[in-house]
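Asks:
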Amino acid sequence: MLGFVARRLVSLLVSLAVASVVIFLFVEVVPGDPAAYMLGLNAAEDTLAALREQLGLNGTLLERYLSWVGGMMQGDFGTSYTYRTPVSEMIGERMWISLPLAVYALTLSTLIAFPAGIWAASQRGRFGDLLVMGVTQLGVAIPNFWFAMLMVLLFAINLRWFSAGGFAGWEAGFGPAVKSLTLPAIALALPQASILARVMRSSLLDSLGEDYIRTARAKGLSRRQALRRHALRNALIPVLTIIGLQFSFLLAGAIIIENVFYLPGLGRLVFQSIAARDLIVVESVVMLLVFAVILVNFLVDLAYALVDPRLRVGA
Amino acid sequence: MTFLKYATASALAVMVAGAAAAKSDITLAMQLEPPHLDPTSAAAGAIDSVLYSNVFEGLTRFASDGSIIPGLAQSWEISDDGLSYTFKLASGVMFHDGTTMDAEDVKFSLDRARAEDSANAQKALFGSIAEVVAVDAGTVKITLSAPNGSLLFNLAWGDAVIVAPESIENIKQAPVGTGAFKFDNWVQGDNITLARNPEYWGTPAKLDKVTFKFISDPTAAFAAVMAEDVDVFAGYPAPENVPQFEADARFQVIVGNTEGETILSTNNKMPPFDNVKVRAALAHAIDRQAIIDGAMFGLGTPIGTHFAPHNPDYVDLTGESAYDPEKAKALLAEAGFAEGFTTTLKLPPPSYARRGGEIIAAQLREVGIETEITNLEWAQWLEEVFKGKDYGLTIVSHTEPMDIGIYARPDYYFQYDDAEFQAMNSALEAEADLAKRSALLGQMQRKISGDYVNGYLFQLAIPTIAKAAVRGLWENAPTQANDMTGVYWAE
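In order, the protein sequence lines correspond to chains A and B.
First residue of the first sequence: 1079, per the numbering used here; consecutive thereafter.
First residue of the second sequence: -17, per the numbering used here; consecutive thereafter.
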C-alpha cells in the first residue's frame, strides 16, 4: 500500500510541475497589456510605463515564472494587478462559495443518482428502468444554464421563494447562505445526477452478469441480496471515477451557472480576470484548480485501492 | 407569458402593502464591478459610478445637467491673464477618518495626480498646471503655464478628487473621502455598501445605506429586477427588455443621455481611408436610424460630429452626412473604387459594437465595401486597434465628457493629423471667454464633420430601471456617476 501511495505522489508532483509551465506560457502569450486595460483610452505613454513598472511587468519571462512559482511554494500567490489585493485572499474568499457549491451539488447528485441507478438496475427492462432511463436522458440533454433560467423564472420571479441570484454571505448565517446556493446547486446537480445514475445502472448490470453473482444466486441468495452484498461493491469503481471527475468539474466548471446567478465564485473570478488581463490571478486560480483536479484523482486512486484490494499490490 | 401577469399582480399587492413605511436604504445594481476604489489611478468608469460625489469630492463638480458647480471650493477668482486661479475652500470639511480637509490636502492631491510617476489615467487634465500653492488652510492658488479655459471643468472629473495623504496607502481597498457617504464594506465580486456620513459638511444624504450590486449577465439582470432583488438597475444592459418594464407599474424607466459618442472609427492613414472621398462615401453609406433601431432598440440620438447633443454648444451636422447610398457609390467611383474594396471591421465586446457592426457591414456591402468582421476582447482591442493601429474600421463609444480634443492628437488611433484643427484646439484651451469658446467649439465640430474623420453614429443612451417610488436619480450622465446624495423613496 505504501509503495502505491508513493508512486501516486511522485506522479502528482510531476503533473503539477508540467502544468505550471504550460499554464504560465499559455497565459503569458495571450495578447493584451493589463496596464493599458486599466488606464483606458486617454492614458499617456509615460503613465502606462509608470504603471507597468509598479506592477512588475517589466521582468523577463523566466524571471517572472520563477518569482511566481517560488512565491506559490511559500504560499504567496502574488498580488492582483487590477484589484491590488493578494491573490490568495481573493481565492480564499471565492473558495467559500465555489467549494460549498460543489459539495452541495455533488451531494445532491449522489443522493439522487444512487437510489435511481440501483432501482433501475434491479428493475431492468421494466417500468422503473424505463422511467429512470427516460428522465436521465432528458437530464443529460438539457443544458444546465437553460434549466437554471427556468428555475429563476419559476422560483424567483413568479413564486418569490428564492432571490434571483447573488450570495447572501456566510456572515448572514448558515440558512440564508445555503438558500442562496440552492438553485445553483440543483442546476449543477441535475445533469451530473443523470450521468451518474446511468453509469451506476450499467455498472451494476455488468457486475450482475458476472460468474460470482451466479454462484451467489446458486447459494440461494435472492436477486436483491446478491445485488446488495456482491454486485454493488464491485460496481462502485467506475462510479467513483465519475464522482471524482464530477467534483473537479463542479469546482472549475461552474462559470456559466455562476454568471446566471451572479455568484462571486472562482469561475467568475477567472472569467473577469481573463478579460482584464489580470494574468497573475488567472495563472494562480488555474494552477489551484489543476492542483484540485490532480488531488481529487489521487484520492480517487486511493479509494479504488480501498474498494479493490488487488490494486494495492498489483500496479 | 401568463406567469408574468401573475407576477405583476402579486407584486402590486406586495407594493401596496409595503408602501406605508418609507425605506431608508436602497440597492442599486450595475453591470461592471470596480477593480479597486481609487478613482485617481484607473480609467475604469465603474469606480466613479460607485464613488463619485458619494464618497469623493473635487474642487468643482458636475451637476446632473452637466454644468460645473462648486464642490469643495466654494468660490474662486481668476486673474486677468487667466494664469492663476485662487480657490476658497469650504470650511469645516472633514475626511471620513476624522482628519480635516485643508489646502495642504488639495495641493497633495493635485501634485500626486500630475507627478512624474503618476498612474492617473487622465494625467493630461492637469497638464497646464505649473504650481499648486496652499496660501493658508482655506485658500489654494493654482498657477498655470498657459491659460486653460477648461480648468474648472477638468477639476470636476473623478480623476481630480481630493484625497488625503494620511489615507492614501489603503485607498484602493478602503477609500477615505469627504462625501455625504462613507465607504462601508466590499464583498468582492458581489457588492459594495456605503453608509451615510453623519458629519457631512454640506446637505446630508437622505438614505442611510446604499448597496451597489454587480450583475454582469443581461439575463441575470432581467431576473434580478423582475424578482425585485434590486431597487435600481443603472445602465440596464438589455435595451430589448425596456418596453416590458415600461408597461409594468412596479417600475419606472429613465432613459438618459451619456457623454458617449458612438462612432465608426476610421484609420485615416490607411489606404483607401486616407482619401477624404472614401471617408465621405462611408459617411453617406450609413443609415444611423437603422443602426439605432436595430442595435439599440431605438435608444440613442443620431449625431453628425463628435459632440454630445445635449450640450448647448452642439451643432447638428447629421444633414452633412445624410444616408444616401447612391451618392456614396458615386463618391467611391470618383475616388477610383467603382468596384468597391475590402477592409477590416474590428469590434470590441459591447452590444452597440457587436450588433451595430453587423448592420454597418450590411449597409457598406450595399455600396460595394466588403468588411471582414473580427470580434475582439477589450484587452485585444486596446493592443491591436488602439495601440497597434492595425485596423480599417472599428466601432467604439467615446465616453469621456468634452473629448473633441482627441482629434488634435495626431498619434491617436484614428490618426487624424490636421494642423488647422490642432490650431483651433490650442486656441480653445487658452480661451476662457464663454462666447468665444462656444464659437470655437462650433468650428471644431464642423471641421471634423467636413473632413469625415470618422463615421458619426449616435450618442449612447443609458436606460435605468428603477422601482416606481425611487426619486432623485440623475437622468443624464454628464460623467459616469450614480450620485446617490439626493436619492430618496417617495411616501
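The C-beta atom is built at its ideal place from N, Cα and C for all residues, glycine as well.
Treat the numbers as computed from the prediction; the structure is a model and nothing was measured.
Between residue 1302/A and chain B, is any beta-carbon pair separated by less than 7 Å?
Replies: No, residue 1302/A lies away from the interface with chain B (no Cβ there is under 7 Å from its Cβ).
Asks: Inspect the beta-carbon positions of residue 33/B and residue 54/B and report whether they are closer than 7 Å.
Replies: No; because the gap between Cβ atoms is not below 7 Å, this pair is not in contact.
Asks: Jot down the residue ranges of each uninterrupted alpha helix (DSSP H) in the stretch 196 to 247 of chain B, minimum 4 residues, whole runs only, in chain order.
Replies: The stretch 196 to 247 of chain B contains these whole alpha helix (DSSP H) runs: 200 to 208 and 224 to 228.
Asks: Please list, in chain order, all residues of the same chain as residue 459/B whose beta carbon is under 8 Å from its beta carbon, the five residues on each side excluded.
Replies: Correct list, in chain order: 238, 239, 240, 241 and 444.
Asks: When DSSP labels each residue in this structure, what does residue 136/B get in the three-state scheme?
Replies: Helix at residue 136/B.
Asks: Could you check whether residue 436/B and residue 246/B sit closer than 7 Å to each other, using their CB atoms as the reference points?
Replies: Result yes, Cβ atoms of residue 246/B and residue 436/B sit closer than 7 Å.
Asks: With distance defined between alpha-carbon atoms, name the residue in 1160/A, 1119/A, 1129/A and 1082/A nearest to residue 19/B.
Replies: If we check each option's Cα against that of residue 19/B, 1160/A comes out closest.
Asks: Which of helix, strand or coil does DSSP assign to residue 1211/A?
Replies: Helix.
Asks: Taking the alpha-carbon of residue 391/B as reference, which of 210/B, 382/B and 403/B has the nearest alpha-carbon?
Replies: When only C-alpha atoms are compared, the closest one is 403/B.
Asks: Which value, in whole angstroms, describes the spacing of the CA atoms of residue 371/B and residue 364/B?
Replies: About 9 Å.
Asks: Does any residue of chain A bring its CB to less than 7 Å from the CB of residue 386/B?
Replies: Not an interface residue.
Asks: Along the beta strand (DSSP E) that carries residue 416/B, what are the first and last residues, could you check?
Replies: Looking at the DSSP string, residue 416/B is not in any beta strand (DSSP E); the run it does join, the alpha helix (DSSP H), is 416 to 432.
Asks: Look at the alpha carbon of residue 1265/A and the alpha carbon of residue 1130/A, and state the distance between them as a whole number of angstroms.
Replies: Using only the alpha carbons, I get a separation of about 42 Å.
Asks: Roughly how many whole angstroms lie between the Cα atoms of residue 1177/A and residue 1325/A?
Replies: Distance between the alpha carbons of residue 1177/A and residue 1325/A: 10 Å.
Asks: Following the continuous alpha helix (DSSP H) through residue 1115/A, name the residue where it begins and the one where it ends.
Replies: It spans 1112 to 1117 - the alpha helix (DSSP H) in which residue 1115/A sits, taken as one unbroken run.
Asks: At a CB-CB cut-off below 9 Å, which residues of chain B make contact with residue 1162/A?
Replies: Correct list: 17, 18, 20, 154 and 155.
Asks: With a cut-off of 8 Å on the beta carbons, I'd call residue 70/B and residue 120/B a contact; round off their distance for me.
Replies: The pair is a contact, with the Cβ atoms about 6 Å apart (cut-off 8 Å).
Asks: Using alpha carbons as the reference points, say which of 48/B, 113/B, 30/B and 78/B lies closest to residue 68/B.
Replies: The option with the nearest alpha carbon to residue 68/B is 113/B.
Asks: Given a cut-off of 7 Å, decide if residue 1219/A and residue 1279/A are closer than it, judged by their beta-carbon atoms.
Replies: Going by C-beta atoms, residue 1279/A is not nearer than 7 Å to residue 1219/A.
Asks: Return the residue from the list 348/B, 355/B, 384/B and 329/B that minimises the CA-CA distance to residue 368/B.
Replies: Considering only alpha carbons, the answer is 329/B.
Asks: At a cut of 8 Å, does the stretch 1218 to 1232 of chain A reach the stretch 1313 to 1324 of chain A through at least three beta carbon pairs?
Replies: Verdict: no, contact absent.
Asks: Under a three-way DSSP split, which group does residue 369/B fall into?
Replies: Residue 369/B falls in the helix class under three-state DSSP.
Asks: Between which two residues does the alpha helix (DSSP H) harbouring residue 1224/A extend?
Replies: First-last of the alpha helix (DSSP H) with residue 1224/A: 1222 to 1229.
Asks: Any idea what DSSP makes of residue 39/B, helix, strand or coil?
Replies: Reduced to three states, the DSSP call for residue 39/B is coil.
Asks: Could you check whether the stretch 179 to 191 of chain B touches the stretch 156 to 170 of chain B, counting it as contact only if at least three pairs of C-beta atoms, one from each stretch, sit closer than 8 Å?
Replies: Contact holds: three or more Cβ-Cβ distances are below 8 Å.
Asks: Okay, do the stretch 1116 to 1123 of chain A and the stretch 97 to 107 of chain B touch, 3+ Cβ pairs below 8 Å being the bar?
Replies: Yes, since at least three Cβ pairs between the stretch 1116 to 1123 of chain A and the stretch 97 to 107 of chain B fall closer than 8 Å, the two stretches touch.
Asks: Residues of chain A with CB under 8 Å from residue 102/B, in chain order?
Replies: Under the 8 Å cutoff, chain A gives 1125.
Asks: Taking just the CA atoms, how far does residue 211/B sit from residue -8/B?
Replies: The predicted model places residue -8/B with a pLDDT of 47, which falls under 50 and marks its position as unreliable; any figure quoted below should be read in that light. Cα-Cα distance, rounded: 15 Å.
Asks: Determine the extent of the alpha helix (DSSP H) in which residue 1301/A is found, giving its start and end residues.
Replies: Taken as a continuous stretch (DSSP letters only), the alpha helix (DSSP H) holding residue 1301/A covers 1301 to 1304.
Asks: Name, please, each residue of chain B whose Cβ falls closer than 9 Å to the Cβ of residue 1132/A.
Replies: Simply 99 and 101.
Asks: Spell out whether any CB of chain A is found under 7 Å from the CB atom of residue -13/B.
Replies: In this prediction, residue -13/B has a pLDDT of 46, which is less than 50 and means its spatial position is unreliable; what the coordinates show is noted afterwards. Not one chain A Cβ lies under 7 Å of residue -13/B.
Asks: For residue 397/B and residue 223/B, which I take to be in contact (beta-carbon distance under 8 Å), what is that distance rounded to the nearest angstrom?
Replies: Residue 397/B to residue 223/B, Cβ: 39 Å. No contact.
Asks: From which residue to which residue does the beta strand (DSSP E) around residue 1146/A run?
Replies: Per DSSP, residue 1146/A belongs to no beta strand (DSSP E); it is in the alpha helix (DSSP H), 1139 to 1151.
Asks: Tell me the rounded alpha-carbon separation between residue 1106/A and residue 66/B.
Replies: Straight-line Cα distance between these residues: approximately 48 Å.
Asks: Taking the alpha helix (DSSP H) that residue 1168/A falls in, what are its first and last residues?
Replies: Looking at the DSSP string, the run of the alpha helix (DSSP H) that includes residue 1168/A is 1165 to 1200.
Asks: Determine the extent of the beta strand (DSSP E) in which residue 324/B is found, giving its start and end residues.
Replies: Its beta strand (DSSP E) spans residues 323 to 329.
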